[in-house]
Amino acid sequence: MDRRLHILILAGGAGRRLWPWSRPGRRKPELPLVAGKSPLEEAIEASLSLVPPERLHLVAADGYISNPGPCRLISEERGRNTLPAVAKGASDLFGMDPESVALVLPADQHFVDRDLLRVGLQKTCRELLEDSERFFIHGTESDPHSSFGCIVANGDRLIRFVEKPDMSECESIHDLRDHEESIRTYRHCGIFGFGTDFLIKSLEARGCSTPAELPEISLDHYLLSDSNFLSSLTFQPLGHRWSDLGDWRVVRDFRRLDNSNSGVVMISCESCLGLRRYLDGEPYISCGAAPVISGTIDRRIVAVGMPEFEINVDSGQWNVVVQGKDHISEKTILLNSTGELVQIHGMDGGLVVCMEDLFVVCSEKSLESGDLSEVSKVFDSELREGV
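Under numbering that gives the first Met the number 0, the residue at position 183 of the sequence shown is numbered 182, and the numbers go up by one with no gaps.
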């Protein structure tokens, strides 16, 4: 395509709901979450169907990504959310070419039906190259939900954008859609397109002449939710299926396609290259019971949201047994990086992690509630403080 077209891939966020696999040294974008590929690899592959490698750029905090692949790295001193990251990328591209246009892709998604994604993005690129004084947003058809941005449109005409609507707003959107059959709702998928000159001028009009002056918030909150910016938005519906791989339960849904005959969803991660090793310490218990431990334990035990249970190590084999339940575990995720034998009995869903530095057992309820995220903050702070 036209030499003015560049792609910015955004890599940020701690991926705490995928802890302890996602941790300092190797965060979510670089983990092979689905079909042996990382979200970053998927974003790069999708991008290379639109631009050559020399027009592919990765925006990330210093040290966040260990291997940017073919991407040219645009570094931030630290991650400050999507608004400063996109502005940083746009400013960099504008300095290279004042006529440049940018397509922005996230590095935390799994794309299904990639051909449909490519066709939709090609349409955006063609229209953007014809008129760069616009800001494109993209979405796939979905009911409104409080966990993601909602686009309300009539065909490709944008009516409104609501960032993570609350229950009342969802009901209002449903009512609007019910009264007009031509109105559809879409899930905002974090893909943007704009002329770099247009975006920079839009931010300057709001009193921010450099990325450093911008607040540490999302682009969605700052621009897309601003009613004064609505007239500048162009909506492009996309037909592909995708997932933000937001937590272990979502990853399990994709992994079960490969483990349909097993009650336990096995994830073997032989390579943990780059992962920071957590410090040794006493068992860490959060939001539940402490395990009864027997055998020789050579790593830190973590239990999150568990009922009474046992951890036994015998001749190199780890056994996890929930007391009072003797059924074979169903839908329990087992992440194993050591190759040791792990047997699990009596768990209903949840997560068991066997790594060189940690043995983690987390209930299904805590996977859903986000308790694991809070535990990850504790362990990451220990690394920073060296305690």
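C-beta atoms are modelled at their ideal positions from N, C-alpha and C, and glycine is treated no differently.
- Query: F193: which of Y185, F134, S230, D174 sits nearest, CA to CA?
  - Reply: The residue with the shortest Cα to Cα distance from F193 is F134.
- Message: Counting beta carbon pairs with one atom in the region 140-153 and one in the region 181-188, are three or more of them shorter than 8 Å?
- Response: Contact between the region 181-188 and the region 140-153 is present, because at least three Cβ pairs lie under 8 Å.
- Item | Nonlocal neighbours in the same chain, by C-beta distance under 8 Å from L55, ignoring five residues either side | H5, I6, I8, I43, S46, L47, P69, C70, R71, listed in sequence order.
- Message: Suppose the cutoff is 7 Å on Cβ atoms and the five residues either side in sequence are ignored; what does the same chain contact list for K364 look like?
- Response: In its chain, beyond the 5 residues on either side, G304 have a beta carbon closer than 7 Å to the beta carbon of K364.
- For K324 and G349, believed in contact at Cβ under 8 Å, the rounded distance: Actually they are not in contact, since the Cβ atoms of G349 and K324 sit about 12 Å apart, beyond 8 Å.
- Could you check how far apart the C-beta atoms of D96 and R3 are, in whole angstroms? I think they sit under 8 Å. The pair is a contact, with the Cβ atoms about 6 Å apart (cut-off 8 Å).
- L244 by DSSP, collapsed to three states: which one? L244: coil per DSSP, three-state reduction.
- Task: Give a yes or no on contact between the region 305-314 and the region 286-294, applying the rule of three or more CB pairs nearer than 8 Å.
- Result: Taking a cut-off of 8 Å on C-beta distances, the region 305-314 touches the region 286-294, as three or more cross pairs fall below it.
- Message: Can you tell me whether D91 is helix, strand or coil according to DSSP?
- Response: D91 carries a helical assignment under DSSP once its states are collapsed to helix, strand and coil.
- Backbone CA spacing between L115 and P31 [nearest angstrom]: Roughly 23 Å between the two C-alpha positions.
- Task: Alpha carbon to alpha carbon, how far is S231 from C124? Give it in angstroms, no decimals.
- Result: If I take the Cα positions, the gap works out to 16 Å.
- Query: Which residues bound the alpha helix (DSSP H) around D379?
  - Reply: Here the alpha helix (DSSP H) through D379 covers 370-384.
- Query: Using the C-alpha atoms, what's the distance from S208 back to L334?
  - Reply: The straight-line gap from Cα to Cα measures roughly 46 Å.
- Message: Is the separation between the beta-carbon of A60 and that of R77 shorter than 8 Å?
- Response: The answer is yes: Cβ separation under 8 Å.
- Burial state of I190 (16 or more Cβ within 10 Å): Counting Cβ neighbours within 10 Å, I190 comes out buried, since at least 16 surround it.
- Task: Taking 8 Å as the cut-off, decide whether the C-beta atoms of E41 and I64 are in contact.
- Result: The answer is no: Cβ separation not under 8 Å.
- On a CA-only basis, which of S380, S90, T331 is nearest F197? Give me that one, please. The residue with the shortest Cα to Cα distance from F197 is S90.
- Three-state secondary structure (DSSP) of D347: Three-state result, D347: strand.
- Message: Please report the distance separating the alpha-carbon of E129 from that of I199.
- Response: It is roughly 19 Å from the alpha-carbon of E129 to the alpha-carbon of I199.
- Message: Could you tell me the alpha carbon to alpha carbon distance between Y277 and V377, rounded to whole angstroms?
- Response: In this structure, the alpha-carbon of Y277 lies about 11 Å from that of V377.
- What does a CB cutoff of less than 8 Å around K122 pick up in its chain, not counting 5 residues either side in sequence? Around K122: Q235.
- Message: If I follow the unbroken alpha helix (DSSP H) through R176, where does it start and stop?
- Response: That run of the alpha helix (DSSP H) goes 166-178.
- By a C-beta neighbour count over all protein chains shown, 10 Å radius and 16 as the cutoff for buried, is L272 buried or exposed? With fewer than 16 Cβ atoms within 10 Å of its Cβ, L272 is classed as exposed.
- Message: Rounding to the nearest angstrom, what Cα-Cα distance links C36 and L82 in this structure?
- Response: The sequence shown places Lys at residue 36, rather than the Cys named in the question. Straight through space, the alpha carbons of L82 and K36 are spaced by roughly 27 Å.
- Item | Proximal residues to I300 (C-beta, below 6 Å), its chain only, five neighbours per side dropped | Taking I300 as the centre and dropping the five residues before and after it, the same chain places the C-beta of P282, F358 closer than 6 Å to its C-beta, in chain order.
- Message: Along the chain, where does the alpha helix (DSSP H) containing P38 start, and where does it finish?
- Response: That run of the alpha helix (DSSP H) goes 38-47.
- Query: Using the rule of at least 16 other Cβ atoms within 10 Å of the residue's Cβ for burial, across every protein chain shown, is R25 buried or exposed?
  - Reply: The residue in question, R25, is buried, as its Cβ has 16 or more Cβ neighbours within 10 Å.
- Does I64 get closer than 8 Å to chain D when you measure Cβ to Cβ? No chain D is present in this structure, which holds just one protein chain.
- Is C70 helix, strand or coil by DSSP? Three-state DSSP puts C70 in coil, outside helix and strand.
- Helix, strand or coil at D1 according to DSSP, with G and I counted as helix: Under the three-state reduction of DSSP output, D1 falls in the coil class, being neither helix nor strand.
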